[in-house]
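Below: one structure, written as structure tokens.
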Amino acid sequence: MRLGTISEATNSTIMHPKLYGLDASALVEFESLLLQSDTATAFAAMRTAAQKDGIQLAICSAYRSFDKQLSIWNAKATGKRQLLDLQHQPIDFMSLSSQQIIDSILLWSALPGTSRHHWGTDIDVYDANNINRDNLQLVAKEYQAGGPCHSLYLWLLQNAQQFGFYFPFQHGKSGVSTEEWHLSYFPIASGYTSLFCGQDLAKVLDNAEFELKQPTLTQLDKLVSHYVKFVAHPPC
1 MRLGTISEAT NSTIMHPKLY GLDASALVEF ESLLLQSDTA TAFAAMRTAA QKDGIQLAIC
61 SAYRSFDKQL SIWNAKATGK RQLLDLQHQP IDFMSLSSQQ IIDSILLWSA LPGTSRHHWG
121 TDIDVYDANN INRDNLQLVA KEYQAGGPCH SLYLWLLQNA QQFGFYFPFQ HGKSGVSTEE
181 WHLSYFPIAS GYTSLFCGQD LAKVLDNAEF ELKQPTLTQL DKLVSHYVKF VAHPPC
């Protein structure tokens with residue numbers, strides 16, 4: 001089996017393969033990216049509204065497959081890709097235990113199969129008027145006062161909800177660390193969150209090849225509860 005590839009036999013036993021990044025057939029192309037169709041329509045309308053206020057709303061990340069998420073996980077789990085703490089400072093990989101490596105990865109990267117980017121409903125955004133995509137780091141200071149995407153962030157706080165979008169990762173309201181750049185299309189993503197099944201995820205991961213597999217699988221229920229099910233809700 002190739003790294004990250006899930007067998008057809010395993011895939012056929014999963015009730016909703018799209019939830020785990022295994023099936024993108026229902027997504028639509030949106031400017032070289034893949035999105036869930038309603039999400040793409042809503043984003044286009046939101047972008048037009050932002051343009052009228054002088055903001056060039058752009059997407060730097062949309063759909064991400066299981067294999068892509070797996071490659072990110074494996075690179076971080078082996079020290080080939082830098083781990084960062086909550087202040088976005090480098091962590092000394094060699095000083096960490098296996099559990100500490102898992103915890104450190106999950107600060108900013110999802111376990112394969114659990115990323116909301118698998119759904120085509122979630123996007124990472126930036127203001128293309130003020131920063132080039134190649135220079136974008138997706139760190140808090142870019143969206144805070146003085147940062148190139150601060151005006152965009154303030155605009156989204158005021159306007160995103162009317163287009164169905166909101167910030168799912170908020171301090172104290174989600175297992176995932178705060179991400180001022182990550183938007184979710186609530187009308188669809190909320191249903192996907194409810195449908196997400198830990199038992200199906202276990203099947204997927206059991207048949208994949210990834211680093212720190214056994215210590216991860218032994219705590220899978222807790223990880224799903226904290227990092228998948230525990231998300232912020234849009235304001236009323």
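First residue of the sequence shown? That's 1 in the working numbering, and the numbers climb one at a time after it.
From the three backbone atoms N, C-alpha and C, an ideal C-beta is built for every residue, glycine too.
Since residue i is in the alpha helix (DSSP H), which residue starts that stretch and which ends it?
i      : result
Ile72  : 66–77
His117 : Unbroken run through His117: none, as it is neither H nor E.
Val204 : 198–206
Pro215 : 213–217
Give me the Cα-Cα distance between residue i and residue j, rounded to the nearest whole angstrom.
i      : j      : result
Asn159 : Tyr143 : 16 Å
His118 : Gly146 : 32 Å
Gly191 : Leu156 : 22 Å
Thr39  : Asp200 : 25 Å
Leu110 : Ser65  : Here residue 110 turns out to be Ala, not Leu, going by the sequence shown. Roughly 12 Å separates the two Cα atoms.
Cys236 : Leu57  : 24 Å
Arg133 : Lys18  : 27 Å
Asp127 : Ala44  : 15 Å
Ala140 : Ala232 : 18 Å
Phe210 : Ala202 : 13 Å
Ile14  : Asp67  : 16 Å
Ile131 : Ala49  : 19 Å
Asn135 : Gly21  : 27 Å
According to the Cβ coordinates, are residue i and residue j closer than 7 Å?
i      : j      : result
Val176 : Phe169 : yes
Leu83  : Ser61  : no
Gln51  : Pro112 : no
Thr114 : Ser184 : no
Ile123 : Ile59  : yes
Leu212 : Ser98  : yes
Leu34  : Ala24  : yes
Ser174 : Phe230 : yes
Span of the beta strand (DSSP E) holding residue i?
i      : result
Ala58  : 57–61
Asp124 : 122–127
Ser184 : 182–185
Leu33  : 33–35
Glu29  : 28–30
I'd like the list of long-range same chain contacts for residue i, defined as Cβ closer than 7 Å, with 5 residues on each side in sequence excluded.
i      : result
Pro234 : Gln161, Tyr166, Phe186
Lys108 : First, the residue type needs correcting, since residue 108 is Trp and not Lys in the sequence shown. Same-chain partners within the cutoff: Leu84, Ser177.
Gly198 : Leu220, Asp221, Val224
Phe93  : Gly79, Leu83
Gln89  : none
Pro148 : Asp127, Asn130, Ile131, Glu142
Output needed for residue i: all residues of its chain with C-beta closer than 6 Å, excluding positions within five of it in sequence on either side, in chain order.
i      : result
Ile91  : Leu83, Asp85, Ser104
Tyr153 : Tyr143, Glu180
Arg47  : Leu57
Asn129 : Gln56
His171 : Thr178
Under three-state DSSP, which class holds residue i?
i      : result
Val228 : helix
Glu142 : helix
Asp103 : helix
Leu84  : strand
Pro234 : coil
Should residue i be flagged as near chain D, meaning a C-beta pair shorter than 7 Å?
i      : result
Asp200 : Protein chain content of the structure displayed is limited to a single chain, and chain D is not contained in it.
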